[in-house]
Amino acid sequence: MPSPPSFHVLARAVIEHDGQVLLARARGQTLTFLPGGHVEPGEGLRACLTRELREETGLAFQIGPLLGVAEHEWSDGEGQKHYEIAQVFTASSPGLTSQRPVASREPHLTFEWAPLQELEARKLMPPPLRSLLMRQEWQEAWFASTVAGSAKRETGA
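The numbering of the sequence shown is this note's numbering, which starts it at 21 and goes up by one.
Below, the structure is given as structure tokens:
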């Protein structure tokens with residue numbers, strides 16, 4: 021009998037400078053994702069994102085407005101199903117620019133700056149974020165999904 025799907029609640033950040041977005045990548049993997057991570061029980065989304073970004077980079081960030089929500093489902097290499105809800109915010113850190121490499125404080129992660137038009141080539145996950153970020157649809161809240169039966173993209177959510 022297959023294991024029940026795992027459920028993940030995440031807070032993620034769009035950190036943008038001069039048309040480039042900071043991406044995270046697990047070492048040895050080809051897929052990228054926005055910095056941030058799992059919400060702990062009793063923790064608010066902004067507090068989670070502040071904590072995760074500091075743990076990952078060692079930098080202090082100011083968390084901006086909520087951009088939208090992305091839901092994503094996938095199966096890992098062992099056939100385990102995963103389902104995640106990621107709340108995506110803007111974030112900034114004084115002095116952080118796309119000309120400055122960001123070192124990871126976590127041994128399993130690396131960071132890279134990517135031009136918005138390269139998000140497809142950099143395999144940003146989940147896939148609907150690629151076009152939303154490339155079009156810079158940040159003025160109106162959005163919803164994106166890879167889950168069967170959900171709308172692929174809605175604005176004004």
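All C-beta atoms in this analysis are idealised placements derived from N, C-alpha and C, irrespective of residue type, glycine included.
Outcome for residue i when other beta-carbon atoms lying within 10 angstroms are tallied against a minimum of 16
i      : result
Phe81  : buried
Pro85  : exposed
Thr52  : buried
Trp133 : buried
Thr50  : exposed
Thr77  : buried
Top-ranked residue by Cα proximity to residue i, from the options
i      : options                      : result
Pro24  : Leu43, Val41, Val122, His102 : His102
Ser26  : Thr52, His58, Arg47, Leu136  : His58
Glu191 : Phe109, Ala44, Thr70         : Residue 191 cannot be examined here, being either before or after the span of the chain that is shown, 21 to 177.
Gln137 : Pro146, Leu153, Glu93        : Leu153
Alpha-carbon to alpha-carbon, residue j and residue i
i      : j      : result
Ser124 : Phe131 : 7 Å
Thr166 : His128 : 26 Å
Gly99  : Gly115 : 42 Å
Ala168 : Pro147 : 14 Å
Gln156 : Ala46  : 25 Å
Contact check, residue i vs residue j, beta carbons under 7 Å
i      : j      : result
Pro55  : Leu30  : no
Gly97  : Trp162 : no
Ser113 : Leu79  : yes
The alpha helix (DSSP H) enclosing residue i, as first and last residue numbers
i      : result
Glu75  : 65 to 77
Ser151 : 148 to 154
The beta strand (DSSP E) enclosing residue i, as first and last residue numbers
i      : result
Ser23  : Run containing Ser23: none; DSSP gives neither H nor E here.
Ala44  : 40 to 46
Val89  : 82 to 95
Ala164 : 162 to 165
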